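Input: a single structure, listed below in structure tokens.
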Amino acid sequence: MERTLIGELGSYAGRAVSISGWVDVRRDQGKMVFFDFRDRSGLVQGVVLPGSSAMEAAKDIRNEYVVRVEGTVNKRPEKNVQPGRQNGDIELEVKSIEVLNPSDAMPFDISGDTGGIDESVRAEYRYLDLRSNRMQKNMRVRSEFVRRCREYLFSKQFIEIETPLLTESTPEGSRDFVVPSRLHPGSFYALPQSPQQYKQLLMTAGFERYFQIARAVRDEDLRADRGFEHSQVDLEMSFVTMEDVMAAVEDMMTTVVEAMGYSIKEKPFPRISYKDAMEKYGADKFDMRTPEEKEKGVLAYAWVVNFPFFEKTDEGGWTFTHNPFSMPIPEHLEWLMKGERIGEILTTQYDLVCNGFESGGGSIRAHKPGILEAAYKAMGFSAEELEERVGHMLKAFRYGTPPHGGIALGIERNVMNLTGETYLREVQAFPMTRGGQTAVMKAPKPLTDKQLKELGLKVDKK
Numbered sequence: 045m046e047r048t049l050i051g052e053l054g055s056y057a058g059r060a061v062s063i064s065g066w067v068d069v070r071r072d073q074g075k076m077v078f079f080d081f082r083d084r085s086g087l088v089q090g091v092v093l094p095g096s097s098a099m100e101a102a103k104d105i106r107n108e109y110v111v112r113v114e115g116t117v118n119k120r121p122e123k124n125v126q127p128g129r130q131n132g133d134i135e136l137e138v139k140s141i142e143v144l145n146p147s148d149a150m151p152f153d154i155s156g157d158t159g160g161i162d163e164s165v166r167a168e169y170r171y172l173d174l175r176s177n178r179m180q181k182n183m184r185v186r187s188e189f190v191r192r193c194r195e196y197l198f199s200k201q202f203i204e205i206e207t208p209l210l211t212e213s214t215p216e217g218s219r220d221f222v223v224p225s226r227l228h229p230g231s232f233y234a235l236p237q238s239p240q241q242y243k244q245l246l247m248t249a250g251f252e253r254y255f256q257i258a259r260a261v262r263d264e265d266l267r268a269d270r271g272f273e274h275s276q277v278d279l280e281m282s283f284v285t286m287e288d289v290m291a292a293v294e295d296m297m298t299t300v301v302e303a304m305g306y307s308i309k310e311k312p313f314p315r316i317s318y319k320d321a322m323e324k325y326g327a328d329k330f331d332m333r334t335p336e337e338k339e340k341g342v343l344a345y346a347w348v349v350n351f352p353f354f355e356k357t358d359e360g361g362w363t364f365t366h367n368p369f370s371m372p373i374p375e376h377l378e379w380l381m382k383g384e385r386i387g388e389i390l391t392t393q394y395d396l397v398c399n400g401f402e403s404g405g406g407s408i409r410a411h412k413p414g415i416l417e418a419a420y421k422a423m424g425f426s427a428e429e430l431e432e433r434v435g436h437m438l439k440a441f442r443y444g445t446p447p448h449g450g451i452a453l454g455i456e457r458n459v460m461n462l463t464g465e466t467y468l469r470e471v472q473a474f475p476m477t478r479g480g481q482t483a484v485m486k487a488p489k490p491l492t493d494k495q496l497k498e499l500g501l502k503v504d505k506k
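Residue numbering for the sequence shown follows the numbering used here, beginning at 45 and increasing consecutively.
Listed below in structure tokens is the structure:
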């Protein structure tokens, strides 16, 4: 018999069906055994009646067994209807049960919120943690958010292009995770902190509207809303101004989250300068909701603009605040080109904040070699260092790169806002622990001597 999803059983009243899934709850009443069966579409109560041929098997089945069940869908008597519960008006009369795979006793209870379970235990058994209702919901919200963003961008003539995971290490920004090269002993690839340079090169390539669901990897100190790995909706547009990009992103976010059933506090999204944000909120990410709006899950988006381009280093020089590929605001371009008033230069950076999180960040980019050269010169780079760092970008910009800009929207941060979660690990399938260990698998761990020899590496175990 063909499998029927549990969520569709309501339309099968009076008919024989076959379902497959997990035993969510087992209740032995002596003469009768009740079960709640679960699959990806929901729950249904099943009952094994006295004298049923399924009774012998039912006595041995426990929670989380994987089973195939055949039976008849019966309408419940009016007095037994359970309003508000999925399939509350039907019951599956079980005729036979086949155990597809038994389950050992569970290491922790997944019937409720698993947030209070020890983090290391949840990580070790993450595949079980993900069975819980909350984690199932979070993963489905994440999937829907990404799907709707992707569909929106396709509708606006964006093209999806993947960029490399093995790339060049750059000293700027966060620490890189590096990968040794077997073919080039002593040399290393880096995992991308973002697709920043590649997406700008795609603008040079003439695609005009690019996006991807990009993985970004950064060796940063871990905290509640930041991990070694994250995903982002990454997009770039040619022939645009700062206003164009912000309007496009605002329309996408409004379209996506309202279609998912969420309410936005204020439209258009308010705009606030970095200076005013720091004076009013003490931070460049803030929560504008009232306590009542927080309770209702309202989304309070805002744009933060007019960031300083540069900030002082501990050594007294200058470094960038966001990235060196940004354009200054038009009225400060001359200062940059002349190397004047460096600390006063504002950039075309725009951050999207929501409910206390930085949800996205982008800028209009430098698209001429002279502008990028001026930014690096302001930070004290010599001509040789500049060529070593971004020579390939300067070369590309000499071949008709159009003006362009874009943004990266953190998927985890946005899903945290949608679900009300406060930890990034609650919206990732297999997150790192706070100690930097992988879930389920045992990494990081040492390489074998054979692997080290192949890569031409020696490890100082001190």
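Each residue gets a CB set at the ideal place from its N, CA and C atoms; glycine is no exception.
None of the values given here were measured: they were computed from a predicted structure.
For residue i, the three-state DSSP class (helix, strand or coil)
{"i": "Leu245", "result": "helix"}
{"i": "Tyr169", "result": "coil"}
{"i": "Tyr306", "result": "coil"}
{"i": "Asp278", "result": "strand"}
{"i": "Arg175", "result": "coil"}
{"i": "Ile455", "result": "helix"}
{"i": "Val300", "result": "helix"}
{"i": "Gly54", "result": "helix"}
{"i": "Gln240", "result": "helix"}
{"i": "Thr214", "result": "coil"}
{"i": "Leu87", "result": "strand"}
{"i": "Gly360", "result": "coil"}
{"i": "Leu491", "result": "coil"}
{"i": "Phe189", "result": "helix"}
{"i": "Phe283", "result": "coil"}
Residues sharing a beta bridge with residue i, DSSP
{"i": "Asp72", "result": "Val77"}
{"i": "Asn118", "result": "Glu135"}
{"i": "Gln130", "result": "Answer is none; Gln130 lacks a bridge partner."}
{"i": "Arg315", "result": "Trp347"}
{"i": "Phe232", "result": "Pro224"}
{"i": "Gly444", "result": "In the DSSP output, where bridge partners are listed per residue, Gly444 has none listed."}
{"i": "Glu204", "result": "Phe255"}
Contact check, residue i vs residue j, beta carbons under 8 angstroms
{"i": "Leu49", "j": "Ser97", "result": "no"}
{"i": "Phe81", "j": "Ile63", "result": "yes"}
{"i": "Val37", "j": "Val111", "result": "Nothing about residue 37 can be read from this structure; the chain reaches only from 45 to 506."}
{"i": "Tyr169", "j": "Ile205", "result": "no"}
{"i": "Met420", "j": "Thr248", "result": "In the sequence on display, residue 420 carries Tyr and not Met. It is not a contact, given that the beta carbons lie outside the stated cut-off."}
{"i": "Thr477", "j": "Glu163", "result": "yes"}
{"i": "Ser218", "j": "Glu252", "result": "no"}
{"i": "Val261", "j": "Gln241", "result": "no"}
{"i": "Arg409", "j": "Ser370", "result": "yes"}
{"i": "Gln244", "j": "His436", "result": "no"}
{"i": "Val69", "j": "Ala102", "result": "no"}
{"i": "Leu227", "j": "Leu279", "result": "no"}
{"i": "His376", "j": "Ile386", "result": "no"}
{"i": "Ala418", "j": "Leu380", "result": "yes"}
{"i": "Val91", "j": "Val138", "result": "yes"}
{"i": "Gly400", "j": "Asp328", "result": "no"}
{"i": "Thr392", "j": "Ile373", "result": "yes"}
{"i": "Gly132", "j": "Val125", "result": "yes"}
Rounded straight-line distance, which links the Cα of residue j to that of residue i
{"i": "Val222", "j": "Arg186", "result": "29 angstroms"}
{"i": "Ala344", "j": "Gln481", "result": "34 angstroms"}
{"i": "Pro146", "j": "Gly159", "result": "26 angstroms"}
{"i": "Leu93", "j": "Leu468", "result": "46 angstroms"}
{"i": "Lys439", "j": "Glu428", "result": "14 angstroms"}
{"i": "Ile316", "j": "Gly404", "result": "15 angstroms"}
{"i": "Phe232", "j": "Thr211", "result": "9 angstroms"}
{"i": "Asp148", "j": "Ile141", "result": "18 angstroms"}
{"i": "Val484", "j": "Val459", "result": "23 angstroms"}
{"i": "Glu302", "j": "Glu402", "result": "20 angstroms"}
{"i": "Asp173", "j": "Ala321", "result": "39 angstroms"}
{"i": "His366", "j": "Leu396", "result": "14 angstroms"}
{"i": "Phe351", "j": "Glu378", "result": "17 angstroms"}
{"i": "Thr463", "j": "Asp504", "result": "44 angstroms"}
{"i": "Val300", "j": "Phe189", "result": "7 angstroms"}
{"i": "Phe202", "j": "Asn107", "result": "47 angstroms"}
{"i": "Ser515", "j": "Arg194", "result": "Absent from the model: residue 515. The displayed extent of the chain is 45 to 506, so no value can be given."}
{"i": "Glu52", "j": "Glu122", "result": "21 angstroms"}
{"i": "Ile105", "j": "Asp72", "result": "10 angstroms"}
{"i": "Leu496", "j": "Phe152", "result": "39 angstroms"}
{"i": "Ala544", "j": "Tyr56", "result": "Only positions 45 to 506 of the chain appear in this structure, which leaves residue 544 out of reach."}
Where in the region 362-441 do unbroken runs of the alpha helix (DSSP H), each at least 4 residues long, occur, reported from the N-terminal end onward?
-> Here the runs fully enclosed are 377-382, 413-422 and 427-441.
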